[in-house]
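Right, one structure below, let's go through it.
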Amino acid sequence: MLSQEKIDRINELARRSKTTGLTEQEENEQHELRNEYLAKFRSSFKSQLQSVKVVDPEGDDVTPQKLEKAKRNNPHYRS
């Protein structure tokens with residue numbers, strides 16, 4: 001994830017945008033920080049999903065084939 005410093009800056013800019021407003025430079029910074037945050041969040045979430053194994057009540061693996069294929073294509077995945 002992002003460093004705490006960057007998260008704090010995102011929050012500071014969000015507060016200021018609601019109260020006093022932002023300069024054009026600050027708006028650009030806010031946009032860039034949000035995009036970076038979202039990219040890291042999506043990557044982390046995708047990684048979490050690829051570690052899921054779906055099991056039915058009888059204990060059989062019923063993980064969707066699309067997920068299995070994504071796991072096989074992920075160079076960081078270890079089965």
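Sequential numbering from 1 applies to the sequence shown in UniProt numbering.
For each residue, glycine too, the CB sits at the ideal point set by N, CA and C.
Since the model is a prediction, treat every value here as computed from it, not as a measurement.
**Prompt:** First and last residue of the alpha helix (DSSP H) that includes T19?
**Reply:** 4-19
**Request:** Mind checking which residues open and close the alpha helix (DSSP H) that includes S43?
**Result:** 24-50
**Item:** Contact check, residue 88 vs K40, beta carbons under 7 Å
**Value:** In the structure displayed, the chain extends from 1 to 79; residue 88 sits before or after that span and is not available.
**N11 versus S51, Q50, Y37, residue with shortest Cα-Cα distance** = Y37
**Span separating the alpha-carbon of E24 from that of R42** = 27 Å
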